[in-house]
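Enquirer: Got a structure for you, questions after.
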């Protein structure tokens, strides 16, 4: 897969993941609000920023949310939701890892959940077509 195709796929997966997690832990439109504020701070979209420059993303999250505690609260809510809804144990530092330039854990979880949701959708389509 070419780099452009890979980025488009990661972008789709990450957007789906964040929409699911934030709408079920914080508020329905929280991702849209966060994207708006991150774009004001960085001049680019949150999803692109996570993929291209995780350190810059963490700094912007800190600035937008106002405190390290707010970022930690957000990632704790994310981790609890993922563990409860998908039964996937996750690192409680999905966002804090961005501070060190590491987006791998966040992308890995997003890909696992995307794969689960896609396979469940495929199974339900197969079941309804029988």
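Numbering (our numbering), first residue to last: 24 to 153. Note that beta-carbon positions come from the ideal geometry of N, C-alpha and C, so glycine has one too.
Taking the straight line between their C-alpha atoms, what separation do you get for residue 101 and residue 44?
Expert: When rounded, the distance between both Cα atoms is 6 Å.
Enquirer: Let's see if you can read the secondary structure: which residues bound the alpha helix (DSSP H) around residue 80?
Expert: First-last of the alpha helix (DSSP H) with residue 80: 77-88.
Enquirer: Assign residue 113 to one of two classes, buried (16 or more other C-beta atoms within 10 Å of its C-beta) or exposed (fewer than that).
Expert: Buried.
Enquirer: Tell me the residue span of the alpha helix (DSSP H) that contains residue 107.
Expert: Where residue 107 is concerned, the enclosing alpha helix (DSSP H) stretches over 91-109.
Enquirer: Counting along the chain, where does the alpha helix (DSSP H) carrying residue 48 start and finish?
Expert: Looking at the DSSP string, the run of the alpha helix (DSSP H) that includes residue 48 is 26-48.
Enquirer: Taking Cβ to Cβ, would you say residue 97 is nearer than 8 Å to residue 118?
Expert: Yes, the pair counts as a contact, with Cβ atoms nearer than the cut-off.
Enquirer: Where do the ends of the alpha helix (DSSP H) carrying residue 63 lie?
Expert: Segment 53-65, the alpha helix (DSSP H) holding residue 63.
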